[in-house]
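Worksheet: the structure to be examined is printed underneath.
Number of protein chains: 4
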Amino acid sequence: MAGPSPTGGLSPSRIETLCDGVFAIAMTLLVLEIKVPEPHAGPGLVHRLAELVPKMASFGVSFVILGTLWVGHHYQFHYIRRSDRPLLWINIGFLLFVSFLPFATGVVGNFPGERAAVLLYGATLLAAGLFLLAQWTWATAGRRLVASDLDPAVVAAVRARVLAGTGFYAVAMAVTLLSTRAGLLLFALMPLLYLVPSRIDRHVRTPSGS
Amino acid sequence: MAGPSPTGGLSPSRIETLCDGVFAIAMTLLVLEIKVPEPHAGPGLVHRLAELVPKMASFGVSFVILGTLWVGHHYQFHYIRRSDRPLLWINIGFLLFVSFLPFATGVVGNFPGERAAVLLYGATLLAAGLFLLAQWTWATAGRRLVASDLDPAVVAAVRARVLAGTGFYAVAMAVTLLSTRAGLLLFALMPLLYLVPSRIDRHVRTPSGS
Amino acid sequence: MAGPSPTGGLSPSRIETLCDGVFAIAMTLLVLEIKVPEPHAGPGLVHRLAELVPKMASFGVSFVILGTLWVGHHYQFHYIRRSDRPLLWINIGFLLFVSFLPFATGVVGNFPGERAAVLLYGATLLAAGLFLLAQWTWATAGRRLVASDLDPAVVAAVRARVLAGTGFYAVAMAVTLLSTRAGLLLFALMPLLYLVPSRIDRHVRTPSGS
Amino acid sequence: MAGPSPTGGLSPSRIETLCDGVFAIAMTLLVLEIKVPEPHAGPGLVHRLAELVPKMASFGVSFVILGTLWVGHHYQFHYIRRSDRPLLWINIGFLLFVSFLPFATGVVGNFPGERAAVLLYGATLLAAGLFLLAQWTWATAGRRLVASDLDPAVVAAVRARVLAGTGFYAVAMAVTLLSTRAGLLLFALMPLLYLVPSRIDRHVRTPSGS
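Chains as they are written, first to last, in the numbering used here: chain P, 6 to 215; chain Z, 6 to 215; chain Y, 6 to 215; chain C, 6 to 215.
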């Protein structure tokens with residue numbers, strides 16, 4: 006892991022390790038917002054678990070959205086071969102918003118009907134998405150940190166994917182200004198967008214892209 | 006870690022890193038449910054530690070059960086050579102339930118005699134087990150993500166192991182419907198099932214399986 | 006990381022990843038036991054930070070003791086080349102007690118003068134040490150998981166080191182039965198034992214041991 | 006990961022894994038100090054989020070400062086090829102203060118105007134910086150743990166960088182003694198120092214340094 010990359014420069018592998026660590030922790034911290042009911046107090050357990058369903062739903066949605074960001078990061082690093090100081094800092098900025106998401110999720114879980122809560126949540130995701138976009142732009146401009154013969158179709162496909170995600174967050178925030186409920190629904194549906202196969206997958210499967 | 010796998014496609018190593026991270030955190034978070042007694046309050050320390058024994062037991066059992074899931078995941082990735090988008094999402098689904106287990110453990114620790122608590126715990130484990138089963142099925146169908154000459158006996162042995170685990174969880178849930186106490190006992194005994202050597206180990210030890 | 010080790014069998018690298026994760030989390034969780042003082046309440050900040058000094062001391066000592074266990078594990082895996090099911094389970098048992106240490110540290114921090122607290126702390130360390138000893142015994146018996154030509158002096162030197170550590174814990178527990186204060190002092194001094202160079206280091210530095 | 010490094014001795018990769026884990030957790034724990042507002046209580050959500058802005062700012066600054074320490078560690082390990090017992094312990098000392106930073110951040114967040122809070126924060130950073138300096142000194146003296154032909158200009162450039170950081174912390178602490186507000190401002194501006202390119206980057210980009 007510590008070795009220099011074949012083409013000189015810093016190896017990108019430690020960015021991946023830090024990033025996977027922050028994702029693993031942010032994902033697992035989400036569940037800490039769901040407080041375990043205390044015994045000997047008030048209504049029955051089933052009733053009290055039912056009260057926690059909105060929090061469980063926001064846990065599930067945020068977990069899967071973190072998953073989409075992680076998958077997006079994963080795909081970019083499939084092609085990124087070298088690291089430099091700006092790439093380190095783009096990643097630290099990206100992780101800043103990833104690690105902020107459990108807080109934003111907790112706010113939405115406590116105030117699901119409040120516009121400010123949904124906007125805070127959307128803004129956190131939008132910021133994370135913009136850092137992913139900045140990373141791909143920085144890494145691929147002049148093939149700075151990717152293979153010099155990387156297929157332009159791959160560059161375009163990954164960019165289209167990131168743009169679709171950040172565009173979706175921006176639209177969902179705009180919708181939230183009109184209707185908090187509709188905006189919340191869009192964020193909840195968002196992960197489905199990522200489940201459909203993408204043009205990127207075709208490139209990854211063929212060795213030419215590597 | 007970032008490199009393409011020899012046969013093209015995404016390398017599976019980052020899934021392992023994320024997965025190991027989530028397991029490490031979920032295992033360690035379990036202990037946070039055991040609250041450190043505060044000083045200057047009520048009975049002696051020994052008495053108060055004794056009161057925490059049920060929580061310590063549920064910590065120990067959940068830790069070992071997480072261990073069995075991690076070992077199961079570990080064995081599958083011994084054979085998985087490539088990654089694709091569905092594999093990423095199967096793993097995110099798997100980790101969703103792994104990271105939910107500390108919550109379910111806390112509920113059982115606070116309500117050990119409640120049927121709903123034990124069922125929630127069992128359902129969390131069953132869901133995690135079904136994702137492991139889905140992963141092996143997806144990876145091995147048509148040798149999609151494993152070596153093309155992988156011994157069919159290995160495929161069958163790993164599948165039998167996962168089926169035994171998920172079957173056990175389903176049976177323990179059914180028993181819980183009859184008797185909460187008996188169901189709880191089954192979950193506590195479950196790890197012992199995994200301590201016995203398996204047919205898989207024989208394959209792993211001989212180079213033919215690799 | 007997922008590849009088979011050169012000699013067949015499971016690669017030990019994922020055990021290291023899980024282990025490093027649990028250590029990283031257990032080390033960092035220790036600090037959560039030191040509660041940040043709330044503003045607008047009672048005496049000045051300096052006074053209130055001073056009250057936290059015993060907790061900070063127990064944080065520091067436990068952090069360094071976790072460091073000694075991690076270093077011990079690190080040295081053993083320098084020689085362990087293969088993995089098998091018992092090794093996986095020995096590690097899960099080891100990590101069970103590692104992840105329990107923040108709780109035991111919190112108990113000692115709240116009840117530094119109580120014999121039961123110090124004994125709980127010592128028993129946690131002793132159990133972790135015994136798992137390290139079991140791991141080395143299992144891995145080296147018949148050169149099961151290490152290189153077949155591993156120098157017997159290395160086997161003996163690592164064993165001596167682990168025995169010294171676990172022996173120290175046992176002695177400190179016995180001393181605690183006579184005097185809680187003296188036992189506590191021994192645990193606090195324990196890390197110094199590990200700072201002295203060891204015969205192992207000499208072997209590690211020479212290529213013959215690798 | 007477990008293999009011996011080409012030149013004998015312990016491989017440094019596990020130090021990196023532990024270190025990345027502690028950084029990932031410390032970064033993510035920072036956000037736990039920002040408590041999610043509870044519903045049904047007092048003023049509107051926007052007002053209550055606005056009250057949290059100082060805490061969010063201290064979260065952001067500490068996150069980025071942890072980023073600078075991680076980047077500094079990353080650059081050193083780009084050159085460190087071997088590990089020994091003192092290096093292990095220097096890293097454990099370094100991580101002790103890294104994992105203490107969320108506590109110090111919480112204290113500054115609760116008492117931003119208190120001199121003792123800012124000094125505690127600065128002392129934590131200074132200690133972490135001194136360990137980074139000790140690591141580089143230990144690793145490069147007589148080319149102990151780096152390549153024997155490592156360019157002296159690289160050794161000097163990395164040292165200058167670490168000295169600049171620790172010097173800045175020391176100056177900011179001295180300023181805090183004169184004016185808490187000015188000291189706090191300096192710590193908040195500190196990350197900007199690291200955003201400017203450095204002489205090290207020039208070396209990393211050319212293969213001669215590797």
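The beta-carbon is built from N, C-alpha and C at its ideal position, and this holds for glycine as well.
Would you identify the three-state DSSP class for residue i, choosing helix, strand or coil?
i	result
residue 214 of chain Y	The pLDDT assigned to residue 214 of chain Y is 34, lower than 50, so where the model puts this residue is not dependable; a value taken from the coordinates is nonetheless given after this. Here residue 214 of chain Y sits in helix by DSSP.
residue 12 of chain P	Any reading at residue 12 of chain P must be qualified, since the residue scores a pLDDT of 40, below 50, and its modelled position is unreliable; the value itself is stated next. Of the three classes helix, strand and coil, the one that applies to residue 12 of chain P here is coil, per DSSP.
residue 7 of chain C	For residue 7 of chain C, the predicted model reports a pLDDT of 36, less than 50, meaning its position is unreliable; a value from the coordinates is still stated below. Coil, per DSSP.
Along chain C, in chain order, which residues have C-beta atoms closer than 7 Å to that of residue i?
i	result
residue 32 of chain Y	27, 100, 104
residue 116 of chain P	44, 50
In terms of residues, what are the limits of the alpha helix (DSSP H) holding residue i?
i	result
residue 136 of chain Y	120–145
residue 177 of chain P	157–183
Listing by chain order, which chain Y residues have their CB less than 8 Å from the CB of residue i?
i	result
residue 111 of chain C	41
For residue i, which residues in chain P fall below 7 Å Cβ to Cβ?
i	result
residue 119 of chain Z	50
residue 107 of chain Z	36
Quick one: list the residues of chain Y neighbouring residue i, beta-carbon separation under 7 Å, in chain order.
i	result
residue 97 of chain C	69, 72
Closer than 8 Å to a non-hydrogen atom of the ligand FMN - does that hold for the CB of residue i?
i	result
residue 170 of chain P	Because no ligand of any kind appears in the structure shown, any question about the ligand FMN cannot be addressed here.
For residue i, return the contacting residues in chain Z, with the cut-off set at a CB-CB distance below 8 Å.
i	result
residue 66 of chain P	Residues of chain Z passing the Cβ test: none, with the nearest at roughly 11 Å.
What residues from chain C crowd round residue i, counting only those whose CB sits closer than 8 Å?
i	result
residue 54 of chain Y	112, 121, 125
Consider the Cβ of residue i: report whether some Cβ of chain D lies at a distance smaller than 9 Å.
i	result
residue 22 of chain C	Of the chains in the structure shown, none is chain D; the protein chains are P, Z, Y and C.
Going along chain Z in order, which residues have a C-beta closer than 7 Å to the C-beta of residue i?
i	result
residue 76 of chain P	93
residue 19 of chain Y	21, 25, 79
May I have a chain-ordered list of the alpha helix (DSSP H) segments no shorter than 4 residues that lie completely inside the segment 20–93 of chain Y?
-> 50–56, 58–84
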